[in-house]
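**Q** Residues in the sequence shown are numbered from 6 upward in steps of one, following the working numbering. My structure is below; once you've seen it, I'll send some questions.
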Amino acid sequence: MGSEAARLLEAADFAARKHKEQRRKDPEGTPFINHPIGVARILAHEAGVTDIVVLQAALLHDTVEDTDTTFSEIEERFGEEVRRVVEEVTDDKTLPKAERKRLQVEHAPGSSPRAKLVKLADKLYNLRDLNRCTPQGWSSQRVQEYFRWAARVVAGLRGTSPPLEAALQRLFEERGLAL
C-alpha cells in the first residue's frame, strides 16, 4: 500500500467513511471520527508510538464494534497484524453490556502489547472526554462508575506505557481513585 503515511491515511479514510453518520454522546454531538483520530494522536504524541500497526489499529478500533465492518474486511485492507489488534480491542456486541465490561477487565492483562497500547489510549481519550463534559443522559454517579471500571481495566494494562499510565493515574487521583 506504499509508505507508512499512505497506510495511515488509508486507515483514517476507511474509519471516516465507516463512522460518517455517527456522533459522540456529548452535548455537542461531536463527529464520532474525532474519537479514533484522538486515540491515534495520543499514541503518537503522548506515548511516542511509531508502530504503524498500532496507529492503524487505533484508527480502526471501533469499526467492527460500531459499524458493519467485518474482521475479514480489516484483514483484507490492512493485513493480519492490524486485524489481530482490532480484534483484541473489539467488544462482542451480542453480549450484555455488563458482561462486555467484565470481559474487558478480565482480558486486559493477557492482551498483546499492541492491543494494550490502543486500550490505554482509548481509555485516556474517553476519560478526558468525560471530564470535559457529561454525555447526554449520564448522571455524575454514572460518570464516577465509568471511572472506577476504567481503573480496573487499566490496572490490567500496567507496564505498557509509562506516559499513558501516568496521565491515567492523574485522572484517577483527581476522582479519588487509586490503581
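Beta carbons: idealized from backbone N, C-alpha and C, even for Gly.
Based on Cα-Cα distance, which residue from L48, K23 and A155 lies nearest to L182?
**A** A155
**Q** Taking Cβ positions, are T165 and L108 nearer each other than 8 angstroms?
**A** no
**Q** Alpha carbon to alpha carbon, what distance is there between R133 and F152?
**A** 10 angstroms
**Q** Should G53 be labelled buried (16 or more other beta-carbon atoms within 10 Å of its own) or exposed?
**A** exposed
**Q** Name the DSSP beta bridge partners of P36, please?
**A** R28
**Q** Using only alpha-carbon positions, find the residue among E104, V159 and S117 that is nearest to D127.
**A** V159
**Q** What are the boundary residues of the alpha helix (DSSP H) that R22 is part of?
**A** E9 to K23
**Q** Report yes or no: do the region 78-91 and the region 132-148 share at least 3 C-beta pairs separated by less than 8 angstroms?
**A** no
**Q** Taking just the CA atoms, how far does H24 sit from T74?
**A** 10 angstroms
**Q** Among residues of its own chain, excluding the 5 on either side of L176, which ones have a beta-carbon nearer than 6 angstroms to its beta-carbon?
**A** L132
**Q** In whole angstroms, what is the alpha-carbon distance linking P101 and P140?
**A** Spanning the two alpha carbons is a distance of roughly 21 angstroms.
**Q** Please report the residue range of the alpha helix (DSSP H) in which D134 lies.
**A** P118 to R137
**Q** What's the call for D67, buried or exposed, on a 16-neighbour Cβ count within 10 Å?
**A** buried
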